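These notes concern the structure reproduced below.
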Amino acid sequence: MNNRKIEVLVGFFIAAGIAAFLFLALSVANSGGFSNGDSYRLSAKFDNIGGLKVRSPVKVGGVVVGRVAEIKLDTNSFMAEVVMDISVDYKDFPETSSISILTAGLLGEQYLGLEPGFMMEGIETLKPGDYIQDTKSALVLEELIGQFLFSQGGED
Amino acid sequence: MLLDWFAGIGRNGINATMTLGRAGIMLFNALWSLPNIRKNTPLLIKQLFVVGVQSLAIIIVSGLFIGMVLGLQGYTILVGYGAENSLGPMVALSLLRELGPVVTALLFAGRAGSALTAEIGLMKATEQLSSMELMAVDPLRRVIAPRFWAGVLSMPLLALMFSAVGILGGHLVGVEWLGVDSGSYWSVMQAAVDLKDDVMNGFIKSVAFAFVVTWIAIFRGYDCIPTSEGISKATTQTVVHASLAVLGLDFVLTALMFGE
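Chains as they are written, first to last, in our numbering: chain A, 1 to 156; chain B, 1001 to 1260.
Right, here's the structure in full:
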């Protein structure tokens, strides 16, 4: 086999490798989406965050508007503090907005559902770094069963 | 009696350390020099052809079949939970994170590693390496270095192709044959697979495996006893040691990358 043919075949080999990488990067993986784009931060405090994780999505009416950036425990109030990165495309949520921890499907991942509040005079919008005051904690199955059993016992 | 037993352990330990040292010195001498681009590129291209292009067929065929098997097995399990839409991420993640790098490395050790060992071992047995030294040609730089770089460069590319073909194979079985929705196969996969965490970590794994497998293959050939029996033993050792090293290293890398 002459030299020229070998060079051409090696060229095809390297090109096929790069094509495979591009296929995996563009068609198989999510190339980050807006997570690399500009974002601003909002925080919220919850009694219980259940199975929420860093990078869990933040959704408004099912549309992903941001991701959880950080989860920590506020040592003063001993509440879980969740910091979110919200895309700058979605801003000016009213400060009466509420946020709750929801589950996608029966066994699905947990995510943050942001419910925009009503907008009227005297109500400001959420600025970067603000805290969302109205929060609803995750439903923990054990607590739910405990409450159910307790209420059953009370009726007798 | 007891002293003999300890002496045996000591002898094995000293031998293992000396082998590792010789392997390190060989690699250092082969790579520690500025490459002569004009003279070395044709050698590298020749080796890329032997090591990379000629391994392409086995990699593509095994990737396709492993992807198809993953599609079939994954479907029969997932359909029991009504979760057959998660077939895409199951196939893609298992290929990108584990099977792509590991199976490619094992096949590469069998297909290209054993050939490298046998070739270099026979060169040593027929005293081609010594005659090169007599002609003032450094066999480490002329024979060893191009083969090493060819292995390190081609195996990550082969692993990427393995994963890509495997995902298409999973699509073939899952979507075309078993009737999973094509749109959800791709979109659920895209939602679950992360470029940095999954694709790049798998790529780093395959680079590490390429380094280890090629190093073992070349050193076993260079260090073999120059007889026909020695070459056959060295070739066996290449496949066994490279496979074990890949599987052991895979556990360590997986624990570092994905274990939280």
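Positions of the beta carbon are idealized from the N, C-alpha and C atoms, including for glycine. Every value quoted in this text rests on a predicted model; they were computed, and no experiment measured them.
Backbone CA spacing between residue i and residue j [nearest angstrom]
i	j	result
Ala-44/A	Ile-99/A	8 Å
Lys-1046/B	Gly-1052/B	10 Å
Phe-150/A	Glu-142/A	12 Å
Ala-104/A	Ala-1150/B	48 Å
Glu-109/A	Pro-57/A	9 Å
Phe-34/A	Ser-87/A	Residue confidence is low: Phe-34/A scores 48 on pLDDT, short of 50, so the model does not pin down where it sits. No coordinate-derived value is stated.
Leu-52/A	Gly-113/A	12 Å
Phe-118/A	Glu-124/A	11 Å
Trp-1177/B	Leu-1034/B	54 Å
Leu-1129/B	Ser-1228/B	16 Å
Ser-1131/B	Ile-1225/B	17 Å
Gly-1074/B	Gly-1169/B	13 Å
Leu-1253/B	Ala-1242/B	16 Å
Leu-1248/B	Asn-1012/B	What sits at residue 1248/B in the sequence shown is Gly, not Leu. Those two C-alpha atoms are separated by around 21 Å.
Thr-1117/B	Ile-1060/B	24 Å
Pro-1139/B	Phe-1028/B	13 Å
Gln-152/A	Tyr-131/A	37 Å
Ile-1037/B	Thr-1017/B	35 Å
Leu-1072/B	Gly-1174/B	7 Å
Leu-102/A	Ser-1182/B	28 Å
Arg-1097/B	Asp-1198/B	6 Å
Ala-29/A	Phe-1203/B	13 Å
Met-1026/B	Val-1137/B	16 Å
Leu-1048/B	Gly-11/A	10 Å
Val-1239/B	Ala-1115/B	10 Å
Gly-62/A	Val-68/A	16 Å
Chain A residues whose Cβ lies nearer than 7 Å to that of residue i
i	result
Leu-1056/B	Phe-13
Ala-1164/B	Ala-20, Phe-23 and Leu-24
Met-1161/B	Ala-16, Gly-17 and Ala-20
Asp-1181/B	By Cβ distance, chain A contributes nothing, its closest Cβ being about 17 Å from Asp-1181/B, past 7 Å.
Leu-1099/B	Per Cβ cutoff of 7 Å: no residues; Leu-1099/B is ~14 Å from chain A at best.
Leu-963/B	Lying before the first or after the last residue shown, residue 963/B is absent from chain B, which here runs from 1001 to 1260.
Leu-1087/B	The premise fails here: Leu-1087/B is roughly 13 Å from chain A at the closest Cβ pair, so nothing lies under 7 Å.
Asp-1198/B	Ala-29
Proximal chain B residues relative to residue i, where beta-carbon distance stays under 7 Å
i	result
Glu-70/A	The premise fails here: Glu-70/A is roughly 16 Å from chain B at the closest Cβ pair, so nothing lies under 7 Å.
Ile-172/A	Residue 172/A lies beyond the stretch modelled for chain A, which goes from 1 to 156, so this question has no answer here.
Residues that residue i bridges to, as DSSP identifies them
i	result
Gly-83/A	Before going further, note that residue 83/A is Val rather than Gly in the sequence given. Looking at the DSSP assignment, Val-83/A forms a beta bridge with Ser-43/A and Glu-70/A.
Pro-57/A	Arg-67/A
Leu-112/A	Val-58/A and Ile-101/A
Thr-135/A	Ile-99/A
Thr-1227/B	None; Thr-1227/B has no bridge partner.
Pro-94/A	Thr-125/A
Asn-2/A	In DSSP, Asn-2/A forms no bridge with anything.
Asn-1040/B	Answer is none; Asn-1040/B lacks a bridge partner.
Asn-30/A	Asp-1194/B
Sequence-distant residues of its chain with Cβ nearer than 7 Å to residue i (five each side left out)
i	result
Lys-1039/B	none
Thr-1086/B	A quick correction: the sequence has Ser, not Thr, at residue 1086/B. So the qualifying residues of the chain are Leu-1078 and Val-1188.
Leu-1122/B	Ile-1231
Ala-1208/B	Leu-1249 and Leu-1253
Leu-1044/B	Pro-1146, Trp-1149 and Ala-1150
Ala-1125/B	Pro-1226, Thr-1227 and Ile-1231
Glu-1084/B	Tyr-1075, Leu-1078 and Val-1180
Gln-147/A	none
His-1171/B	Tyr-1185
Sequence-distant residues of the same chain with beta carbon closer than 8 Å to residue i, five excluded per side
i	result
Pro-128/A	Tyr-40, Arg-41 and Leu-42
Ser-1094/B	Leu-1070
Ala-1245/B	Val-1212, Val-1213 and Ile-1216
Pro-1089/B	Val-1188, Met-1189, Ala-1191, Ala-1192 and Val-1193
Glu-115/A	Val-60, Ser-97, Ser-98, Ile-99 and Ser-100
Ser-77/A	Lys-45
Ile-1058/B	Leu-1107 and Arg-1111
Listed by chain order, chain B residues near residue i by CB distance under 9 Å
i	result
Glu-81/A	Here the premise fails: no neighbours, minimum Cβ distance about 20 Å.
Listed by chain order, chain B residues near residue i by CB distance under 8 Å
i	result
Leu-9/A	Phe-1049 and Val-1053
Close-in-space but distant-in-sequence residues of the same chain around residue i (CB under 6 Å, 5 per side omitted)
i	result
Ala-1159/B	Gly-1100, Pro-1101, Thr-1104 and Ser-1206
Phe-46/A	Ala-80, Thr-135 and Ser-137
Tyr-90/A	Val-65
Ala-1023/B	Phe-1219
Gly-1166/B	Gly-1063, Ile-1066, Gly-1067 and Leu-1095
Asp-92/A	Thr-125
Chain-ordered neighbours of residue i on chain A, where CB pairs are closer than 9 Å
i	result
Ile-1167/B	Phe-23, Leu-24, Ser-27 and Val-28
Ala-1191/B	Asn-30
Leu-1096/B	Leu-24, Val-28 and Ala-29
Leu-1157/B	Phe-13, Ile-14, Ala-16, Gly-17, Ile-18, Ala-20 and Phe-21
Partner residues on chain A for residue i, Cβ-Cβ distance less than 8 Å
i	result
Ala-1092/B	Val-28
What residue ranges within the region 1074 to 1118 of chain B form continuous alpha helix (DSSP H) runs of no fewer than 4 residues, ordered along the chain?
-> 1087 to 1094 and 1100 to 1108
Pick out the complete alpha helix (DSSP H) segments inside the region 1130 to 1208 of chain B, 4 residues or longer, and give them in chain order.
-> Complete alpha helix (DSSP H) runs here, min 4: 1145 to 1171 and 1182 to 1192.
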